[in-house]
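Under UniProt numbering, the first residue of the sequence shown is numbered 1, with each subsequent residue one higher.
Virtual Cβ for every residue (Gly too), placed ideally from N, Cα, C.
Keep in mind that this is a model prediction, so the values were computed, not measured.
Single-structure report; data block below.
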Amino acid sequence: MMMTIVNYFLSKVREEKGQGMVEYALIIGLVSIVAMGILFTLGGTIGDVFSDIVARLGGTVE
Numbered sequence: 001m002m003m004t005i006v007n008y009f010l011s012k013v014r015e016e017k018g019q020g021m022v023e024y025a026l027i028i029g030l031v032s033i034v035a036m037g038i039l040f041t042l043g044g045t046i047g048d049v050f051s052d053i054v055a056r057l058g059g060t061v062e
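See the structure below:
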């Protein structure tokens with residue numbers, strides 16, 4: 001009885017049906033975290049660059 005339960009769970013662990021989707025989800029999550037880190041780090045600098053461009057073109061920053 002116990003071996004039947006163990007074999008059932010082992011067979012479920014060995015299935016690879018959703019493996020590709022999980023891998024893509026992990027990659028998307030990692031890329032999102034890296035992108036957010038870059039935006040938080042460089043956000044002020046990027047804003048300053050655009051403000052400088054607008055000022056040089058004679059516009060106003062709202």
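Asked: Can you give me the start and stop residues for the alpha helix (DSSP H) that residue 20 sits inside?; Found: 19–56
Asked: Is residue 3 helix, strand or coil when you go by DSSP?; Found: helix
Asked: May I have the straight-line CA-CA distance separating residue 41 from residue 33, to the nearest angstrom?; Found: 12 Å
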